[in-house]
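Trainee: In our numbering, the protein residues as written are 12 to 262.
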């Protein structure tokens with residue numbers, strides 16, 4: 012009958028289980044934003060003690076592992092999309108390449124506009140992308156245009172949104188998943204994993220301030236362990252120590 016044919020052609024709506032959704036969120040927030048970065052930092056420093064950024068192969072390993080686990084957990088929802096993608100692989104890959112170029116261009120324009128309008132430095136995410144793009148351009152493209160979108164879409168759309176929509180409705184699911192997605196930028200800024208060689212930074216600042224200190228009849232003694240490395244924003248840490256030394260000279 013006509014009703015039966017409509018029922019047969021209506022696409023199935025898949026919903027992720029609560030257990031898988033919670034596993035995805037833990038994997039992302041506790042794993043990708045914290046634990047995996049600590050592990051990556053320790054591996055990098057074990058291989059190259061003086062490193063200031065994560066080794067490329069370590070970054071790639073973290074991205075592949077995070078994306079692979081996320082896809083595995085969300086596979087009940089992603090299975091249908093995977094089949095549709097394979098039906099027209101060529102066109103989909105061309106569109107993906109085009110979107111990669113657009114995303115990179117938009118990011119550059121937005122970063123420029125933010126700097127011009129606010130007269131302030133970039134956000135942590137923008138600063139990381141800018142710094143990494145000058146050293147590891149290919150890794151930057153992979154992380155910002157391939158791995159990050161795949162991981163975030165899998166966790167928040169295929170995971171959180173699909174699960175909550177089946178139990179709470181569209182609007183509540185959209186609101187909660189949007190809040191979760193927005194929170195990653197706050198958490199990511201708080202847990203930014205830049206490696207800063209504090210010893211080298213302080214030696215540089217001491218040398219820079221030596222003429223000014225000498226002119227005021229002051230001296231400075233540097234007592235810091237060698238190879239003292241911390242996670243943080245190198246630019247902001249430099250400004251903090253710079254202001255301390257300026258105040259010491261002035262007052």
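For every residue, glycine included, the Cβ atom is placed at its ideal position computed from N, Cα and C.
Predicted, not measured: the structure shown is a model, and the values here were computed from it.
How many Å lie between residue 252 and residue 46 at the Cα?
Mentor: Answer to the nearest angstrom: the Cα atoms are 29 Å apart.
Trainee: Should residue 194 go down as buried or exposed, given a rule of 16 or more other Cβ atoms within 10 Å for buried?
Mentor: Residue 194 is exposed by the Cβ-count criterion.
Trainee: Cα separation between residue 166 and residue 213?
Mentor: C-alpha separation (whole angstroms): 41 Å.
Trainee: Between 35, 110 and 50, which has its C-alpha nearest residue 87's C-alpha?
Mentor: Residue 87 has its Cα closest to that of 35, out of 35, 110 and 50.
Trainee: With residue 162 and residue 77 assumed to form a contact (beta carbons below 8 Å), what rounded beta-carbon distance in angstroms separates them?
Mentor: Sure, about 6 Å apart at Cβ, within 8 Å.
Trainee: Which residues does DSSP list as the beta-bridge partners of residue 240?
Mentor: Answer is 208.
Trainee: At the level of alpha carbons, what is the spacing between residue 79 and residue 48?
Mentor: If I take the Cα positions, the gap works out to 16 Å.
Trainee: Report yes if the C-beta distance between residue 239 and residue 217 is below 8 Å; otherwise report no.
Mentor: Not closer than 8 Å, so no.
Trainee: With distances taken between CB atoms, is the gap from residue 184 to residue 172 smaller than 8 Å?
Mentor: The answer is yes: Cβ separation under 8 Å.
Trainee: Considering Cα atoms alone, identify which of 153, 108 and 107 is closest to residue 74.
Mentor: Considering only alpha carbons, the answer is 153.
Trainee: Please list, in chain order, all residues of the same chain as residue 96 whose beta carbon is under 6 Å from its beta carbon, the five residues on each side excluded.
Mentor: The answer, listed in chain order, is 103.
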